[in-house]
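Asker: Quick note on numbering: the numbering used here labels position 151 of the sequence shown as 364, and the sequence is numbered without any gaps.
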Amino acid sequence: MVQPGIHLRRSGSDHVAEPPGDDSLSGLGTGLDDAAGFAPLFYRGRPGGDRRILPSWTKSGSMVKKTPVLIIGAGPYGLSLGHFLHARQTPFLLVGKTMELWRNHTFDSMKLRSDYATSILHDPYRRYSFERFARVWGTSLHRWRGRLPVTVFRQYIDWCERQFPFRPEEQYVMSLQQAGPRFRARLQNGDEVVADRVVVATGIAHHLHLPPELSVHPRVIHSYHSTSIQALQNCRVLVVGAGQSAAESLAVLQNQGNQVEWYARTPPVFYSEPLNLPKPLFDLILRLPGMLHRLPPRWVHTGLNRFSATTITPDFRTALTGMKRHTLCPPVNDFDVVVAATGYRYRLEDQSYLHSSLRRKIRTYSGLPLVNQYFASSVPGLHFLGAMTEPFFGPSMKFMIGSGYAARVLSHALA
Numbered sequence: 214m215v216q217p218g219i220h221l222r223r224s225g226s227d228h229v230a231e232p233p234g235d236d237s238l239s240g241l242g243t244g245l246d247d248a249a250g251f252a253p254l255f256y257r258g259r260p261g262g263d264r265r266i267l268p269s270w271t272k273s274g275s276m277v278k279k280t281p282v283l284i285i286g287a288g289p290y291g292l293s294l295g296h297f298l299h300a301r302q303t304p305f306l307l308v309g310k311t312m313e314l315w316r317n318h319t320f321d322s323m324k325l326r327s328d329y330a331t332s333i334l335h336d337p338y339r340r341y342s343f344e345r346f347a348r349v350w351g352t353s354l355h356r357w358r359g360r361l362p363v364t365v366f367r368q369y370i371d372w373c374e375r376q377f378p379f380r381p382e383e384q385y386v387m388s389l390q391q392a393g394p395r396f397r398a399r400l401q402n403g404d405e406v407v408a409d410r411v412v413v414a415t416g417i418a419h420h421l422h423l424p425p426e427l428s429v430h431p432r433v434i435h436s437y438h439s440t441s442i443q444a445l446q447n448c449r450v451l452v453v454g455a456g457q458s459a460a461e462s463l464a465v466l467q468n469q470g471n472q473v474e475w476y477a478r479t480p481p482v483f484y485s486e487p488l489n490l491p492k493p494l495f496d497l498i499l500r501l502p503g504m505l506h507r508l509p510p511r512w513v514h515t516g517l518n519r520f521s522a523t524t525i526t527p528d529f530r531t532a533l534t535g536m537k538r539h540t541l542c543p544p545v546n547d548f549d550v551v552v553a554a555t556g557y558r559y560r561l562e563d564q565s566y567l568h569s570s571l572r573r574k575i576r577t578y579s580g581l582p583l584v585n586q587y588f589a590s591s592v593p594g595l596h597f598l599g600a601m602t603e604p605f606f607g608p609s610m611k612f613m614i615g616s617g618y619a620a621r622v623l624s625h626a627l628a
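Printed below as a string of structure tokens:
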């Protein structure tokens, strides 16, 4: 059902919900696509016509773009925030590779840990519901009951992207520093962005955890690099880890004809949810980030670490039960390749593109940026979203389900 006051425009065989008043964009061609990667510089103005944020150039020929809000990261948190800001007519620039984790760093043959109901991209107009996606594909939602296949989710991402009312800058931020009361970022192509406020929503890529005893091996691959793992054939491989990434790596490597051994100090915990908590309690925690923020961070952080453990989905039980598992690490040099499915450790210092002078000004808790109820750090104008805020808002910040809450709260604060 389309919300009252929302217009419909036809996109292929389906209708796309648009915010009221999008007719004011008719002079820009087909939505914002004509901006060719710079669409966030254009936004729907208030009555009186469209306003634009125009770029300038340095003497060396680099472009300098000025924007009230710079979003770093084009995963679910950055994209959801972009949609909520666009609906509020707040100008912004979003820089990052769109949903890169799911496109380039998940195994083709695997499934997400989540179902379709908790895997949606959030926006105020519910453009991206799986009900609509199923209608476009001429199929039933029952086809995707349970965990969602990665291949289907990638198709869903492509479908969403074709409807974006803005276009991310598909590149990385190489450095970010303060410039008086503002921030200055340097992009991968040499261009610069000057922003009044910055939102860091960069995901997991900066936080790969590699134990020192594994890093000595000449061919160690973190499980994040799924494409490299899928390419291995006829190798003797040691997989290290006791979680979902280890199980998926073991399955993929065996199917590719490799000789695989497994090292995990603790027995696997087979459970449908990512944390070994009773499902009703886990669901409740996921849906109450605002309430968890009222608790001392120590309670949230310590409680989750003490009373939960990483898990493996039950569909791997049969394959892994009969597999030899080392409880002490074998000599790593006996293997051609070591796959480190050793997870992620979130620390502010790993955000290497942040200038050291800026990092020093950010108050931290357990190495993570301390944020208030609006995700604002101790540096005025600098906000953080995603997994680095888990100690303050709970585990929903590590999953897509938390991006809707974060986008609603922060877009209101930035408007």
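Note that the Cβ used here is the ideal one computed from N, Cα and C, for glycine as well.
(1) Met613: buried (16+ other C-beta within 10 angstroms of its C-beta) or exposed?
(2) Report back the beta-carbon spacing between Leu361 and Leu325 to the nearest angstrom; my notes put them in contact at under 8 Å.
(3) With a cut-off of 8 Å, do at least 3 Cβ pairs link the segment 521-540 to the segment 391-403?
(4) In three-state terms, what does DSSP make of Ser624?
(5) Please give the ranges of any alpha helix (DSSP H) in the segment 589-619, keeping only runs that are unbroken, at least 4 residues long and fully inside the region.
(6) Give the DSSP bridge partners of Tyr557, in chain order.
(7) By DSSP, does Asp328 sit in helix, in strand, or in coil?
(8) With DSSP as the reference, label Glu426 as helix, strand or coil.
(9) Report, in whole angstroms, the separation of the C-beta atoms of Ile285 and Gly295, which I expect to be a contact under 8 Å.
(10) What do you get for Gln472, buried or exposed, if any count of 16 or more other CB atoms within 10 angstroms of its CB means buried?
(11) Using DSSP with H/G/I as helix, E/B as strand and the rest coil, what is Tyr578?
(12) Please classify Tyr618 as buried or exposed, where buried requires at least 16 neighbouring CB atoms within 10 angstroms.
(13) Can you tell me which of the three DSSP states Glu231 falls into?
(14) Mind checking who Lys279 pairs with in its DSSP beta bridge?
(15) Under 8 Å by Cβ, that's how I've got Val453 and Ala554 pegged, so tell me the actual separation to the nearest angstrom.
(16) Would you list the residues sitting across from Val412 in a DSSP beta bridge?
(17) Spatial neighbours of Met358 within its chain, please: CB distance less than 8 Å, with the 5 preceding and 5 following residues excluded, ordered by chain position.
(18) Using 8 Å as the threshold, is the C-beta distance between Leu307 and Pro381 below it?
(19) Could you check where the alpha helix (DSSP H) with Arg316 kicks off and where it finishes?
(20) Let me make sure I understand the geometry here. Which of Gln391, Asn447, Pro509 and Pro424 has the alpha-carbon closest to that of Arg573?
(21) Assign Ser570 to one of two classes, buried (16 or more other C-beta atoms within 10 Å of its C-beta) or exposed (fewer than that).
(22) Report the rounded CA-to-CA distance for Pro604 versus Pro502, giving the unit in angstroms.
(23) For Trp475, which residues does DSSP report across the bridge?
(24) Which first and last residues belong to the alpha helix (DSSP H) in which Ser293 is found?
(25) Looking at Gln467 and Gln446, is the spacing between their C-beta atoms short of 8 Å?
(26) Have a look at the DSSP bridge pairing and note the partners of Arg395.
(27) Does DSSP put His355 in a helix, a strand or coil?
(28) Leaving out five residues on either side along the sequence, give the residues of the same chain with a beta carbon under 7 Å from the beta carbon of His435.
(29) For Arg410, collect the residues of the same chain with a Cβ closer than 6 Å to its Cβ; drop the 5 residues on either side in sequence, then sort them by chain order.
(30) Specify, as a first and last residue, the run of the beta strand (DSSP E) that Val308 falls within.
(31) Going by alpha carbons, who is nearest to Leu561 out of Asp549, Val622, Ser332 and His419?
(32) Could you tell me which residues DSSP pairs with Phe483 in its beta bridges?
Answerer: Reading off the structure:
(1) Here the question's residue 613 lines up with position 400 in the sequence shown. Met613 comes out buried.
(2) Numbered from its first residue, the sequence shown carries residue 361 at position 148. Numbered from its first residue, the sequence shown carries residue 325 at position 112. Indeed they touch by this definition, with Cβ atoms about 5 Å apart.
(3) no
(4) Here the question's residue 624 lines up with position 411 in the sequence shown. Helix.
(5) 603-606
(6) For this step, residue 557 is matched to residue 344 along the sequence shown. Paired residue(s): Leu421.
(7) Within the sequence shown, the letter at position 115 stands for residue 328. Three-state result, Asp328: coil.
(8) Along the sequence shown, read from residue 1 onward, the residue named residue 426 stands at position 213. In this structure, Glu426 counts as helix in the three-state DSSP scheme.
(9) Position 72 of the sequence shown, counted from the start, is the residue given in the question as residue 285. Position 82 of the sequence shown, counted from the start, is the residue given in the question as residue 295. Not confirmed; about 12 Å, so no contact.
(10) Taking the sequence shown and counting its residues from 1, one reaches residue 472 at position 259. Exposed.
(11) Here residue 578 is taken as the residue at index 365 of the sequence shown, counted from 1. Note: Tyr578 maps to strand in three-state DSSP.
(12) Start at 1 with the first residue of the sequence shown, and residue 618 comes out as number 405. So Tyr618 counts as buried.
(13) In the sequence shown, counting from the first residue as 1, residue 231 sits at position 18. Here Glu231 scores only 40 on pLDDT, less than 50, and its place in the model should not be relied on; the value that follows carries that caveat. Three-state DSSP puts Glu231 in a strand.
(14) In the sequence shown, counting from the first residue as 1, residue 279 sits at position 66. In DSSP, Lys279 forms a bridge with Val407.
(15) Your numbering for residue 453 matches position 240 in the sequence shown. Your numbering for residue 554 matches position 341 in the sequence shown. Correct: roughly 6 Å between the Cβ atoms.
(16) As a first step, residue 412 is located in the sequence shown; it is residue number 199 there, counting from the start. DSSP lists Ile284 and His596 as partners of Val412.
(17) Start at 1 with the first residue of the sequence shown, and residue 358 comes out as number 145. Looking at the sequence shown, residue 358 is not Met but Arg. Within the same chain, Arg358 has close Cβ partners Asp328.
(18) For this step, residue 307 is matched to residue 94 along the sequence shown. For this step, residue 381 is matched to residue 168 along the sequence shown. Yes. Within cutoff.
(19) In the sequence shown, the residue the question calls residue 316 occupies position 103. Counting along the chain, the alpha helix (DSSP H) containing Arg316 begins and ends at Glu313 to Asn317.
(20) Counted from its first residue, the sequence shown places residue 573 at position 360. It is Gln391.
(21) Indexing the sequence shown from 1 puts residue 570 at position 357. The residue in question, Ser570, is exposed, as its Cβ has fewer than 16 Cβ neighbours within 10 Å.
(22) For the purposes of this step, residue 604 is taken as residue 391 along the sequence shown, with counting starting at 1. For the purposes of this step, residue 502 is taken as residue 289 along the sequence shown, with counting starting at 1. Their backbone Cα atoms lie some 10 Å apart in a straight line.
(23) If you number the sequence shown from 1, residue 475 lands on position 262. For Trp475, which the question treats as bridged, DSSP gives the partners Val452 and Arg538.
(24) The residue you call residue 293 lines up with position 80 of the sequence shown. Residues Pro289 to Ala300.
(25) In the sequence shown, the residue the question calls residue 446 occupies position 233. In the sequence shown, the residue the question calls residue 467 occupies position 254. The answer is no: Cβ separation not under 8 Å.
(26) Residue mapping note: residue 395 aligns to position 182 of the sequence shown, counting from 1. Bridge partners of Arg395: Ala392.
(27) Within the sequence shown, numbered from 1, the residue matching residue 355 stands at position 142. It is helical.
(28) As a working mapping, residue 435 is identified with position 222 in the sequence shown. For His435, where only same-chain residues beyond five positions count, the Cβ hits under 7 Å are Leu421, Leu423 and Ala553.
(29) Reading the sequence shown from its first residue, position 197 is the one you call residue 410. Cβ neighbours of Arg410 beyond the five flanking positions: Val282 and Gly594.
(30) For this step, residue 308 is matched to residue 95 along the sequence shown. First-last of the beta strand (DSSP E) with Val308: Leu306 to Val308.
(31) Position 348 of the sequence shown, counting from 1, holds the residue named residue 561. Measuring from the Cα of Leu561, the nearest candidate turns out to be His419.
(32) The residue you call residue 483 lines up with position 270 of the sequence shown. Phe483 pairs with Ile525.
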